[in-house]
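Undergrad: Using the working numbering, read the sequence shown as starting at 24 and increasing by one per residue.
Have a look at the structure that comes next, please.
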Amino acid sequence: MQEKKYIGMLGGGQLGLMFVQSAQKMGEKVLVLDPDKDCPAGKIADKFINADYLDSNALEKIVENCEICTTEFENIPYKTLEKLEEKINVYPNSKALKISQNRILEKIFLKKLKIPTTNYFEINSPENLKPLEEIKDWPYILKTSTFGYDGKGQAIINNYDELLRYYKILGSENFVLEKKVDLKMEVSQVACCYEKDIILLPISENTHINNILHKSKVPASIKDNESKKIEEITICIAKNLNYKGILCVEFFISQMDDILVNEIAPRTHNSGHYSIEGCHESQFDHQVKICKNMRPVKSSLKYSSVMVNLLGELWEGKDINFDDLKKDEIFLHLYNKKIPKQGRKMGHFTVINDSVDIANQIADEVYAKLKNE
Ligand code: ADP
Ligand code: MG
């Protein structure tokens, strides 16, 4: 039998890219599968298969070459994972993926665990719309139950007529209509789930622009009792999903100080990118170590960190001069994507400092300059 020398990675986006970078740094080889031949991780992978996630030849090649397979993308068909699970180890497991890629299953799962989430109505057919005419406490947010990311498949709804309109525009069969939360803050936490231990990365405080993550600040400015509650919820979710791999839980903190789970991402997360420079081991290092059954080490924060996303619109009509980022405390990551489209994540930078306020100030200044140049 051929030696299985690769870690399998389903998905070749920027999360896959940073995983491959971590793996190669640790002397591991990665096989990436992605239907996009130009995907960022495919360009540096040790082996790249350009095929659909359900292509049986491609899955057979993964089984031949890998003892373990992981993912970077929640919308991998869970059937792909089920097929692979028959033959090799797959982290995350297909059940966890199935729940977290469907907002309704996710909310039912959280409800069973008595974990607070946003109030919502389920819409699974046009007949479910009529009773919603009674709603008085608009605004709500209409979200497709599956395949949403970076604010896609969502709309703010201010009245019943708008609901009917966006129900058609978004063109799905299954939705959740979620109460719009009066937000005080958004935070998230990455959990690195080893065979027995769960290593929690420091909680990050997240700012969004147009529903897409703009900035993550660590440490988050929350109280100790809030951190404790968030950590308990993250661990409870990971345990109840029998999770192995990397998981991120996104939280809302309301103006009333309620802590609600927004969503669960069964993968490394944009809000955890700060860990590359900010922590002793990054979320990607942990993902590699989990795949290789290595011993966990607690990932404490080395530096206060502020991460800022660089989206495609920044490139509009100009070349960008990154000279200002050539400093010891600023780390630029570009994902080698060809076309800088509106809303597309092209890269990020992280500022580290002993003071989170100074890191934040530097990050804002650098970003403002990149924007206006
Ligand atoms: P995605 O899968 O695109 O990340 P989310 O459900 O996390 O979808 O929504 C993206 C962002 O939109 C959130 O981080 C938050 O800023 C805003 N948002 C989503 N749902 C709500 C809500 N119910 N109340 C207030 N803001 C919301
Ligand atoms: Mg989200």
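We put the CB at the ideal spot given by N, CA and C, even for glycine.
Keep in mind it's a predicted model, so treat the numbers as computed, not measured.
For Lys219, which of Asp61, Lys110, Pro319, Ile91 has the nearest alpha-carbon?
TA: Taking the sequence shown and counting its residues from 1, the one referred to as residue 219 is at position 196. Comparing Cα-Cα distances from Lys219 to each of Asp61, Lys110, Pro319, Ile91, the minimum goes to Pro319.
Undergrad: Are at least three pairs of beta-carbons, each pair with one atom in the stretch 117 to 127 and one in the stretch 254 to 271, less than 8 Å apart?
TA: yes
Undergrad: Would you tell me roughly how many angstroms separate the C-alpha atoms of Lys360 and Gly335, rounded to the nearest one?
TA: Position 337 of the sequence shown holds residue 360. Position 312 of the sequence shown holds residue 335. One C-alpha to the other measures close to 10 Å.
Undergrad: Quick check: what's the CA-CA separation for Ala288 versus Ile260?
TA: Along the sequence shown, read from residue 1 onward, the residue named residue 288 stands at position 265. Along the sequence shown, read from residue 1 onward, the residue named residue 260 stands at position 237. Rounded to whole angstroms, Ala288 to Ile260 spans 11 Å at the Cα level.
Undergrad: Near Ile138, which residues of its chain fall below 6 Å by C-beta distance, leaving aside the five closest residues on each side in sequence?
TA: By 1-based counting over the sequence shown, the position of residue 138 is 115. Sequence-distant Cβ neighbours of Ile138 in its own chain, meaning closer than 6 Å and more than five residues away, are Ile256, Val284.
Undergrad: Cutting at 6 Å between CB atoms, please list the residues of its own chain near Ala382, excluding the five before and the five after it.
TA: Taking the sequence shown and counting its residues from 1, one reaches residue 382 at position 359. Here the set comprises Ser327, Val329, Val374, Asn376.
Undergrad: Mind the definition here: the stretch 346 to 362 touches the stretch 306 to 315 only if three or more C-beta pairs lie below 8 Å; say whether that holds.
TA: no
Undergrad: Note down, one range per segment and in chain order, each alpha helix (DSSP H) of at least 4 residues found wholly within the stretch 78 to 124.
TA: 79 to 88, 101 to 108, 117 to 123
Undergrad: Evaluate Gly50 with the Cβ neighbour count: other Cβ atoms within 10 Å of its Cβ, from every protein chain shown; 16 or more gives buried, anything less gives exposed.
TA: In the sequence shown, residue 50 corresponds to position 27, counting from 1. When all chains shown are included, Gly50 counts as exposed.
Undergrad: Pick out the complete alpha helix (DSSP H) segments inside the stretch 295 to 374, 4 residues or longer, and give them in chain order.
TA: Complete alpha helix (DSSP H) runs here, min 4: 298 to 301, 306 to 314.
Undergrad: Please state whether DSSP places Cys259 in a helix, a strand or coil.
TA: Reading the sequence shown from its first residue, position 236 is the one you call residue 259. Helix at Cys259.
Undergrad: Output the residue ranges of the alpha helix (DSSP H) runs that lie fully inside the stretch 170 to 238 and measure 4 residues or longer, sorted by chain position.
TA: Unbroken alpha helix (DSSP H) stretches of 4 residues or longer found wholly inside the stretch 170 to 238: 183 to 193, given in chain order.
Undergrad: How do the stretch 210 to 219 and the stretch 293 to 303 stand: do at least 3 beta-carbon pairs fall below 8 Å, yes or no?
TA: yes
Undergrad: Between the beta-carbon of Leu54 and the beta-carbon of Tyr29, is there less than 7 Å?
TA: Sequence index remark: in the sequence shown, residue 54 carries index 31 (1-based). Sequence index remark: in the sequence shown, residue 29 carries index 6 (1-based). The answer is yes: Cβ separation under 7 Å.
Undergrad: Leaving out five residues on either side along the sequence, give the residues of the same chain with a beta carbon under 6 Å from the beta carbon of Lys130.
TA: Indexing the sequence shown from 1 puts residue 130 at position 107. Take Lys130, set aside five residues on each side of it, and the residues of its chain with a beta-carbon closer than 6 Å to its own are Thr140, in chain order.
Undergrad: Identify the residues that DSSP records as bridge partners of Thr140: which are they?
TA: For the purposes of this step, residue 140 is taken as the residue at position 117 of the sequence shown. Answer is Val284, bridged to Thr140.
Undergrad: Quick one: what's got a C-beta closer than 7 Å to Leu193's C-beta in the same chain, skipping five residues either side?
TA: Against the sequence shown, residue 193 aligns to sequence position 170. Cβ neighbours of Leu193 beyond the five flanking positions: Leu165, Thr167, Gly176, Ala178.
Undergrad: From Gly366 to Trp338, what distance separates their C-alpha atoms?
TA: Counting from one through the sequence shown, the residue named residue 366 turns up at place 343. Counting from one through the sequence shown, the residue named residue 338 turns up at place 315. Cα to Cα, the separation comes out at about 11 Å.
Undergrad: Are there any heavy atoms of the ligand MG lying less than 6 Å away from the beta-carbon of Glu286, as far as the coordinates show?
TA: Numbered from its first residue, the sequence shown carries residue 286 at position 263. Yes, the beta carbon of Glu286 sits closer than 6 Å to at least one heavy atom of the ligand MG.
Undergrad: Could you check what DSSP says for Met32 in three-state terms: helix, strand or coil?
TA: As a first step, residue 32 must be located in the sequence shown, where it is residue number 9. Three-state DSSP puts Met32 in a strand.
Undergrad: Among residues of its own chain, excluding the 5 on either side of Leu5, which ones have a beta-carbon nearer than 7 Å to its beta-carbon?
TA: Not covered by the structure: residue 5. The range shown for the chain is 24 to 396.
Undergrad: Using 8 Å for Cβ pairs, my map puts Ile245 next to Ile226. What's the rounded Cβ distance?
TA: Here the question's residue 245 lines up with position 222 in the sequence shown. Here the question's residue 226 lines up with position 203 in the sequence shown. With a beta-carbon spacing of about 7 Å, Ile245 and Ile226 fall inside the 8 Å limit used to define contacts.
Undergrad: Please report the straight-line C-alpha distance between Lys134 and Asp351, rounded to a whole angstrom.
TA: The sequence position of residue 134 within the sequence shown is 111, counting from 1. The sequence position of residue 351 within the sequence shown is 328, counting from 1. So the two alpha carbons sit approximately 46 Å from each other.
Undergrad: Compare the Cα-Cα distances from Ser298 to each of Met32, Gly35, Trp161, Ser45 and report the closest residue.
TA: Counting from 1 along the sequence shown, the entry for residue 298 is found at position 275. The shortest C-alpha separation from Ser298 is found at Ser45.
Undergrad: Residues in the same chain with beta-carbon distance under 8 Å from Glu196, minus the five sequence neighbours each way, listed in chain order, please.
TA: For the purposes of this step, residue 196 is taken as the residue at position 173 of the sequence shown. Here the set comprises Asn147, Ser148.
Undergrad: Could you name the residues of the same chain whose beta carbon sits closer than 6 Å to that of Lys106, not counting the 5 residues immediately before and after it, in chain order?
TA: The sequence position of residue 106 within the sequence shown is 83, counting from 1. Closer than 6 Å at the Cβ level, and outside the excluded window around Lys106, lie Leu82.
Undergrad: On the three-state DSSP scale, how would you describe Asn383?
TA: Mapped onto the sequence shown, residue 383 falls at position 360. Three-state DSSP puts Asn383 in a helix.
Undergrad: Hey, quick one: how far does the alpha helix (DSSP H) through Ser45 stretch, first residue to last?
TA: What you label residue 45 is simply residue 22 of the sequence shown in a count that begins at 1. Here the alpha helix (DSSP H) through Ser45 covers 37 to 48.
Undergrad: Relative to the alpha-carbon of Leu13, which residue among Val331, Asn316, Asn112 has its alpha-carbon at the smallest distance?
TA: For residue 13 there is no data in the structure shown, the boundaries of the chain being 24 and 396.
Undergrad: Which residue wins for smallest C-alpha separation from Gly34, given the options Val199, Thr103, Lys118?
TA: Against the sequence shown, residue 34 aligns to sequence position 11. Here the closest residue by C-alpha is Thr103.
Undergrad: If you follow the beta strand (DSSP E) that Ile67 is in, where does it begin and where does it stop?
TA: The residue you call residue 67 lines up with position 44 of the sequence shown. Taken as a continuous stretch (DSSP letters only), Ile67 belongs to no beta strand (DSSP E), as it is neither H nor E.
Undergrad: What residue range does the alpha helix (DSSP H) around Glu129 cover?
TA: For the purposes of this step, residue 129 is taken as the residue at position 106 of the sequence shown. Per DSSP, Glu129 belongs to the alpha helix (DSSP H) from 126 to 135.
Undergrad: If we count the other Cβ atoms within 10 Å of its Cβ and call it buried at 16 or more, is Lys238 buried or exposed?
TA: Within the sequence shown, numbered from 1, the residue matching residue 238 stands at position 215. Around the beta carbon of Lys238, 16 or more other beta carbons sit within 10 angstroms, so the residue counts as buried.
Undergrad: I'd like to check one pair, Val113 with Cys89: are the Cβ atoms closer than 7 Å?
TA: Numbered from its first residue, the sequence shown carries residue 89 at position 66. Numbered from its first residue, the sequence shown carries residue 113 at position 90. It is not a contact, given that the beta carbons lie outside the stated cut-off.
Undergrad: Any heavy atom of the ligand MG closer than 6 Å to the Cβ of Glu273?
TA: If you number the sequence shown from 1, residue 273 lands on position 250. Yes, the beta carbon of Glu273 sits closer than 6 Å to at least one heavy atom of the ligand MG.
Undergrad: Can you name, in chain order, every residue of its own chain whose Cβ lies under 8 Å from the Cβ of Lys110, other than the five neighbours on each side?
TA: As a working mapping, residue 110 is identified with position 87 in the sequence shown. Excluding sequence neighbours, Lys110 sits near Val86.
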